[in-house]
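Chemist: A single structure is presented below for examination.
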Amino acid sequence: IISTGIAYEEEIRDVVQICKNAGNSDIALLKCTSSYPAPLNGMNLQTIADMRKKFGVEVGFSDHTLGVTAPVVAVSLGARIIEKHFILDKSVKSVDSAFSLDESEFALMTKCVREAEELLGVVNYELDEKAVLNRRFSRSLYASADIKKGEIFSEQNIRSVRPGYGLHPKFLKELIGKKAKRDIKFSERLTKEDLI
64 IISTGIAYEE EIRDVVQICK NAGNSDIALL KCTSSYPAPL NGMNLQTIAD MRKKFGVEVG
124 FSDHTLGVTA PVVAVSLGAR IIEKHFILDK SVKSVDSAFS LDESEFALMT KCVREAEELL
184 GVVNYELDEK AVLNRRFSRS LYASADIKKG EIFSEQNIRS VRPGYGLHPK FLKELIGKKA
244 KRDIKFSERL TKEDLI
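If you want it as structure tokens, here you go:
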């Protein structure tokens with residue numbers, strides 16, 4: 064684990080290469096700002112993803128900011144290691160006591176980081192069970208009057224209403240002016256087959 068607090072990009076590249084040349088590819092870099100305490104506007108945490116891409120290694124965050132926000136943001140940007148100073152008693156003054164976390168603060172940081180990891184989840188466009196049930200609150204196209212086979216679809220016989228179990232309203236313009244291929248009863252939902 065290598066902190067990058069006072070290193071230029073070229074030096075980081077060099078040390079990663081030295082490790083790899085020595086047969087060690089199990090490397091983690093820590094994004095670090097060597098200010099104590101470190102200002103939020105100097106963190107540039109978007110560097111975390113860039114470091115992973117440029118150097119091809121795991122990346123973490125060595126944090127010297129006040130509070131617990133920076134580690135949570137770092138995790139959401141891809142940090143897999145968090146280094147944060149810890150102090151048993153805040154009344155004891157030391158070089159790093161101002162930006163160190165006590166037991167309850169450290170527990171809060173850990174809780175927030177774990178929640179951030181859970182929130183990140185995975186790439187997923189599927190709807191969960193609750194979202195599928197909530198589709199009833201969206202809109203879809205329904206017959207607002209009885210429509211006979213061969214009759215022309217119009218804004219007088221089609222409406223966008225709830226629930227959203229039928230044809231999406233985005234197809235309304237495409238449907239207007241077409242002939243119905245079947246008899247459709249009042250309040251019956253339209254389907255993709257009605258578009259063809």
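In the working numbering, the protein residues as written are 64 to 259.
Glycine included, every Cβ here is placed at the ideal spot set by N, Cα and C.
Since the structure is predicted, the reported quantities are computational estimates derived from the model, not experimental observations.
Just how far apart, CA to CA, sit residue 259 and residue 214?
Modeler: Translated into positions along the sequence shown, residue 259 becomes position 196. Translated into positions along the sequence shown, residue 214 becomes position 151. Rounded to whole angstroms, residue 259 to residue 214 spans 15 Å at the Cα level.
Chemist: Could you spell out where the beta strand (DSSP E) holding residue 144 opens and where it closes?
Modeler: Numbered from its first residue, the sequence shown carries residue 144 at position 81. Here residue 144 belongs to no beta strand (DSSP E), and DSSP marks it neither H nor E.
Chemist: Tell me the DSSP secondary structure of residue 158 in three-state form.
Modeler: Here residue 158 corresponds to residue number 95 of the sequence shown, with the count starting at 1. Residue 158: coil per DSSP, three-state reduction.
Chemist: What runs of the beta strand (DSSP E), each 3 residues or longer, lie entirely inside the region 209-242?
Modeler: Taking only runs of at least 3 residues, the beta strand (DSSP E) segments lying wholly in the region 209-242 are 221-224.
Chemist: Would you say the region 153-170 touches the region 88-102, given that touching needs at least three Cβ pairs under 8 Å?
Modeler: Counting Cβ pairs under 8 Å, three or more are found: they touch.
Chemist: If I measure Cβ to Cβ from residue 105 and keep anything under 7 Å in the same chain, skipping five residues before and after, which residues do I get?
Modeler: Along the sequence shown, read from residue 1 onward, the residue named residue 105 stands at position 42. Contacts found: 96, 98.
Chemist: If the criterion is Cβ atoms closer than 8 Å, does the pair residue 170 and residue 123 meet it?
Modeler: Taking the sequence shown and counting its residues from 1, one reaches residue 170 at position 107. Taking the sequence shown and counting its residues from 1, one reaches residue 123 at position 60. Result no, Cβ atoms of residue 170 and residue 123 do not sit closer than 8 Å.
Chemist: Roughly how far, in whole angstroms, is the beta-carbon of residue 253 from the beta-carbon of residue 206, given that I think they are within contact range, below 8 Å?
Modeler: Within the sequence shown, the letter at position 190 stands for residue 253. Within the sequence shown, the letter at position 143 stands for residue 206. Contact flag correct, Cβ pair sits at about 7 Å.
Chemist: Which residue from 239, 200, 153, 78 puts its Cα closest to that of residue 218?
Modeler: As a first step, residue 218 must be located in the sequence shown, where it is residue number 155. Nearest of 239, 200, 153, 78 to residue 218, Cα basis: 239.
Chemist: In terms of residue numbering, what span does the alpha helix (DSSP H) encompassing residue 125 cover?
Modeler: Your numbering for residue 125 matches position 62 in the sequence shown. It is not in any alpha helix (DSSP H) - residue 125 instead sits in the beta strand (DSSP E) that spans 121-126.
Chemist: Using only CA atoms, which one of 187, 245, 79, 136 lies nearest to residue 108?
Modeler: One-based indexing of the sequence shown puts residue 108 at position 45. Residue 136 is the option with its Cα nearest to residue 108.
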